[in-house]
Amino acid sequence: MRDSGNATGVGATYGYLFALGASASYGLAQVLTRYGVSQFASPLVGASISLLVGAIGLGLLSARELLPQLTGAGGRRGLLLFSLAGVTAAGGVVMNYIALSYAPVVIVSPVLGVNPLVTLFFAAIFLRSLERITPRLVFGSVLVVLGVLCITLATALEL
Amino acid sequence: MLGILFAILATVGWGIGAVFVRLGVQHMGTTTGTLISLISGLLMTLVVALALHPDEMFQVSLAAVVWFAIAGVFNFPLGRFFNYLSVARLGVARSTPLLSTSPMFAMAASVFLLGEQLTWLTALGTVLILAGVYLAMSERRA
Chain A
1 MRDSGNATGV GATYGYLFAL GASASYGLAQ VLTRYGVSQF ASPLVGASIS LLVGAIGLGL
61 LSARELLPQL TGAGGRRGLL LFSLAGVTAA GGVVMNYIAL SYAPVVIVSP VLGVNPLVTL
121 FFAAIFLRSL ERITPRLVFG SVLVVLGVLC ITLATALEL
Chain B
1 MLGILFAILA TVGWGIGAVF VRLGVQHMGT TTGTLISLIS GLLMTLVVAL ALHPDEMFQV
61 SLAAVVWFAI AGVFNFPLGR FFNYLSVARL GVARSTPLLS TSPMFAMAAS VFLLGEQLTW
121 LTALGTVLIL AGVYLAMSER RA
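Sequence order for the protein chains is A and B.
Read in order, the letters of the first sequence correspond to residues 1 to 159 in this note's numbering.
Read in order, the letters of the second sequence correspond to residues 1 to 142 in this note's numbering.
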């Protein structure tokens, strides 16, 4: 077993900083991608280039530990789970683009904005033995969803 | 109706993906896990992109490659790696509210980099997001 996902103290603080760092990186990437899609290439072609560069960059950084990890204890299970994580994440991106081809941003964005609550729902079902979903976390997620809806609608409707 | 259906499928994909990550970090290091998810995601995206935009895939300009490569660095080695690190430490439930705040950072980047205007609705959204993040971060483990 590796990480417990139940860190407290300094470990939790790092976890929160990593989450905010991820969010900031995603936010900046969104702005770059939005401009790139309007100027250079279609979203799926752009996503393919971004994923290829990401895989090459991270592959160069982590090449040494790849084989020991894959052949180590739990390697096969990890390979399967992370492969599925990659496919479902990419599947979500593809569905997002298809959704936008059928409906305007003002319709699609609010549905996508509910994602944190959908994630909590699946965590409550499939991670019952690992995760504790408290009313405080659900309420915090609802506030984040409402805030994201405000920002995405303000951008889409130019309010 | 189809647009809403595919948007729901997108959120289902991302939600189930988070569950796979949570289970995966128990068996494998975050760096290797991120790399594997990028490779499997790349294969799927390439197949769909080649099916839908076969001509464009082989006629991409150098500017497009450079631009999306820069976006890719922020999105994947940084964004996804930090995402998985946070899930490994906090779990899905505690990390999800914070990981969902990217539109707030995108809005801030748009204001500072592209000169877009801050409106009352985006300000209200920012306040709500910060309140939600505070609630999630003040959650104590049992």
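Note that the Cβ used here is the ideal one computed from N, Cα and C, for glycine as well.
In this text the structure is predicted, and so the values were computed from the model without any measurement.
### Query
Looking at the C-beta of G115/B, does it have a partner C-beta in chain A at a distance below 9 angstroms?
Contact with chain A is absent for G115/B, since none of that chain's Cβ atoms lies less than 9 angstroms from the residue's Cβ.
### Task
Indicate whether W96/B and S141/A have their beta-carbon atoms separated by less than 9 angstroms.
First, the amino acid is wrong: residue 96/B is Thr here, not Trp. In contact: T96/B and S141/A (Cβ atoms closer than 9 angstroms).
#### Entry: Rounded distance between the beta-carbons of L143/A and L128/B, thought under 8 angstroms
With 8 angstroms as the limit, L128/B and L143/A qualify as a contact, their Cβ atoms being about 5 angstroms apart.
### Task
Compute the distance between the beta-carbons of G72/B and I49/A, then report whether it is under 9 angstroms.
At a Cβ-Cβ threshold of 9 angstroms, G72/B and I49/A count as neighbours.
#### Entry: Anticipated Cβ contact below 8 angstroms, I39/B with A55/A, distance rounded
About 5 angstroms separates the two Cβ atoms, so the contact holds.
### Task
Count the other C-beta atoms from every protein chain shown that fall within 10 angstroms of the C-beta of I36/B, then say buried if there are 16 or more, exposed otherwise.
I36/B comes out buried.
### Task
Could you confirm whether any beta carbon from chain B is found closer than 9 angstroms to the beta carbon of T119/A?
For T119/A, the answer is yes, since a Cβ of chain B falls inside 9 angstroms of its Cβ.
### Message
Which runs of the beta strand (DSSP E) at least 3 residues long sit entirely within the segment 34-71 of chain B? Give them in chain order.
### Response
Entirely contained in the segment 34-71 of chain B, not one beta strand (DSSP E) run reaches 3 residues.
### Query
R77/A CB to nearest chain B CB: under 9 angstroms?
Yes, because at least one Cβ of chain B sits closer than 9 angstroms to the Cβ of R77/A.
### Message
Any beta carbon of chain B sitting closer than 9 angstroms to that of R128/A?
### Response
Cβ-Cβ to chain B under 9 angstroms: no for R128/A.
### Separation of Q117/B from T101/B, as counted between CA atoms
Looking at the two C-alpha atoms, the distance is approximately 19 angstroms.
### Task
Examine the Cβ distances between the segment 56-66 of chain A and the segment 12-23 of chain B and report whether three or more of them are shorter than 8 angstroms.
Verdict: no, contact absent.
#### Entry: the segment 79-91 of chain B in contact with the segment 23-34 of chain A per 3-pair CB rule at 8 angstroms
Contact between the segment 79-91 of chain B and the segment 23-34 of chain A is present, because at least three Cβ pairs lie under 8 angstroms.
### Message
Considering only their Cβ atoms, is the gap separating L23/B from L137/A smaller than 9 angstroms?
### Response
No; because the gap between Cβ atoms is not below 9 angstroms, this pair is not in contact.
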